[in-house]
Amino acid sequence: MPVEGVHRPAWAEISRSALAHNIGVVRELRGTTQLCAVVKANGYGHGAVLAAQAMIGAGADSLAVAIIDEGIELREAGITAPILLLSEIPPETIRAAFEADLTLTVGSLEGACAAADVATGLKGVHRVHLKIDTGMLRQGVSPREALRAARVLNDCAAVELEGIFTHFSVADGDSDEDRDFTTRQIEVFNRVRLELSKSGTEPSSVHLANSAGVLGHVASHATLARPGLVLYGYLPSPWLGDALRARGARLRPVLSLRAQVVAVRRGDTGDRPSYGRRRELEAPSTIATVPFGYADGYPRRLFDAGAHVLINARRYPLAGMVTMDQLLINCGDDEVKVGDDVVLLGTSGDESITADDWAAWGQTITWEILCGIGARVPRVLVA
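Right, dumping it as structure tokens:
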């Protein structure tokens with residue numbers, strides 16, 4: 000298990016009030032719909048247990064994770080809320096999932112049979128959601144086999160077919176083609192849902208909407224929504240902010256990355272700091288060392304992209320290539336000393352840097368930036 004770097008001045012702050020605010024924004028959009036907060040991938044880099052506890056405390060009805068171990072971690076932390084596994088798991092791991100009181104996803108006829116077999120050998124009744132593949136072609140039972148899979152689950156006294164759902168592949172896209180495809184996914188799902196209803200299957204939990212669905216596709220609103228990124232304060236795509244602006248609402252980033260300067264050196268014109276000696280100093284400059292590197296989730300490619308950090312509420316560029324554990328910052332002729340505050344993500348004075356900024360600099364997506372924050376970075380819950 001990776002250790003947290005609690006003895007060095009670099010940490011992530013997770014804002015409880017920002018999380019509660021974002022959940023309130025989603026609640027405003029979705030009314031009485033149940034809210035399943037997605038906390039997979041270490042809570043999108045925010046810390047799984049910390050994020051999950053804050054989500055439930057702020058009014059989320061349930062949680063969703065990707066793998067069994069993520070669910071077990073939450074259970075061992077004392078979290079009792081329903082936890083949905085979002086993907087079908089290997090048959091040999093189903094028992095462990097049921098014993099941890101995790102809600103299983105079934106995405107194939109074979110998976111339905113395996114779930115029923117395992118549940119029959121255990122005490123109690125075990126919750127299952129049936130995932131329908133409506134075009135993403137990643138996981139889920141095909142529409143033509145959904146009825147058979149549901150029958151297998153319904154015929155098992157040890158299983159409760161609590162929910163059915165699907166997953167969007169381009170709900171965040173703003174092209175006509177993307178919107179049309181999402182509409183087709185919703186139509187396919189609704190046809191399957193109708194067929195199941197005619198056969199007597201009426202799950203209490205019906206869900207299609209991820210963050211993009213919540214914000215941009217009213218037709219995807221059902222009995223439950225399972226947003227992820229939006230709860231952490233970011234839009235999946237800029238156009239999805241229209242629904243928020245129409246209500247005068249906005250999201251608040253939940254995570255900030257902070258550190259302190261640990262060393263200060265003076266470089267001369269022509270010096271080339273850091274590995275590779277990639278960038279020449281154009282004038283005598285103060286070089287500040289910050290204890291955060293690519294092992295902590297600061298991508299090396301941000302150096303070539305011209306990334307900045309905030310020190311004492313002022314913006315400064317990187318002086319040299321990102322290293323595993325440290326950054327070198329060009330502070331020019333400004334006075335900077337050991338112990339000064341550094342903001343890598345977040346706000347300092349009138350300046351701010353967001354995960355969207357990192358994603359733009361690194362030519363990637365915001366999800367990857369947040370999920371890439373290293374395990375050794377301590378997460379601290381703040382107001």
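Per numbering that gives the first Met the number 0, the sequence shown starts with residue 0, numbered consecutively.
Note that beta-carbon positions come from the ideal geometry of N, C-alpha and C, so glycine has one too.
Where residue i falls: helix, strand or coil (DSSP)
| i | result |
| --- | --- |
| Cys35 | strand |
| Glu367 | helix |
| Pro316 | strand |
| Glu91 | helix |
| Ile423 | No answer is possible for residue 423: it lies beyond the span of the chain, which begins at 0 and ends at 382. |
| Ile372 | coil |
| Thr353 | coil |
| Val337 | coil |
| Val321 | coil |
| Ser347 | strand |
| Ile286 | strand |
| Val217 | helix |
| Arg278 | coil |
| Gly266 | strand |
| Ile185 | helix |
| Phe180 | helix |
| Leu250 | coil |
| Lys197 | helix |
| Glu3 | coil |
| Phe97 | helix |
| Ile78 | coil |
| Cys155 | coil |
| Arg192 | helix |
| Val169 | coil |
Sequence-distant residues of its chain with Cβ nearer than 8 angstroms to residue i (five each side left out)
| i | result |
| --- | --- |
| Ala382 | Ser14, Arg15 and Ser16 |
| Gly199 | Asn153 |
| Ile67 | Leu84, Ile88, Thr92, Ala95, Ala96, Ala99 and Leu101 |
| Arg375 | Pro1, Val2, Glu3, Gly4, Ala294 and Asp295 |
| Cys370 | Ala40, Asn41, Tyr43 and Gly44 |
Residues near residue i in its chain [Cβ-Cβ closer than 7 angstroms; skip 5 each side]
| i | result |
| --- | --- |
| Ala258 | Pro8, Ala9, Val289, Pro290, Phe291, Val341 and Leu343 |
| Val337 | Val260, Val261, Ala262 and Val263 |
| Ala383 | Here the chain covers residues 0 to 382 and nothing more, so residue 383 does not appear. |
| Gly232 | Ala17, Asn21, Leu250, Arg251, Pro252 and Val253 |
| Leu160 | Val127, Leu129, Ala149, Leu152, Asn153, Thr200 and Pro202 |
| Arg299 | Tyr293, Met320 and Val321 |
| Gly227 | Val37, Tyr43, Asn209 and Ser210 |
| Ala282 | Thr268 |
| Val169 | Asp177, Phe180 and Thr181 |
| Ala304 | Trp360 and Gly361 |
Burial state of residue i, where buried means 16 or more other Cβ atoms lie within 10 Å
| i | result |
| --- | --- |
| Val217 | exposed |
| Pro235 | buried |
| Thr119 | exposed |
| Val2 | exposed |
| Asp171 | buried |
| Leu285 | Before going on, a small fix: residue 285 reads as Thr here, not Leu. So Thr285 counts as buried. |
| Glu91 | exposed |
| Gly348 | exposed |
| Ala306 | buried |
| Pro237 | exposed |
| Ala53 | buried |
| Arg378 | buried |
| Leu193 | exposed |
| Gly385 | Residue coverage of the chain in this structure runs from 0 to 382, which leaves residue 385 outside it and unanswerable. |
beta-carbon residue i near the ligand COA non-hydrogen atom, thresh 7 angstroms
| i | result |
| --- | --- |
| Tyr231 | Here there are no bound small molecules, and the ligand COA is not part of this structure. |
Same chain, Cβ closer than 6 angstroms to residue i, neighbours up to 5 away in sequence not counted
| i | result |
| --- | --- |
| Ile368 | Ala354, Trp357 and Ala358 |
| Gly275 | Met320 |
| Ile372 | Gly44 and Gly296 |
| Leu108 | Glu144, Arg147 and Ala148 |
| Ala63 | Cys35, Val37, Leu83, Leu85 and Arg225 |
| Gly139 | Gly106, Lys130, Ile131 and Asp132 |
| Val229 | Ser210 |
| Ala242 | Leu214 |
| Leu121 | Phe97 |
| Ser61 | Cys35, Ala80 and Pro81 |
| Gly162 | His128, Pro202 and Ser204 |
One or two residues paired with residue i in a DSSP bridge
| i | result |
| --- | --- |
| Gly162 | His128 and Ser204 |
| Trp10 | Arg257 |
| Ser61 | Cys35 |
| Leu83 | Ala63 and Thr102 |
| Ser236 | Partner(s): none; Ser236 has no beta bridge. |
| Ile310 | Arg313 and Val341 |
| Val379 | Glu12 |
| Val140 | Ile131 |
| Leu223 | Gln33 and His206 |
| Val24 | Answer is none; Val24 lacks a bridge partner. |
| Gly44 | Its beta-bridge partners do not exist; DSSP assigns none. |
Does the pairing of the segment 18-31 with the segment 348-363 give three or more beta-carbon distances under 8 angstroms?
-> no
Is it a yes or a no for the segment 177-187 touching the segment 128-145, going by three-plus beta-carbon pairs under 8 angstroms?
-> yes
Touch test, the segment 319-335 against the segment 206-225, Cβ-Cβ under 8 angstroms, three pairs minimum | no
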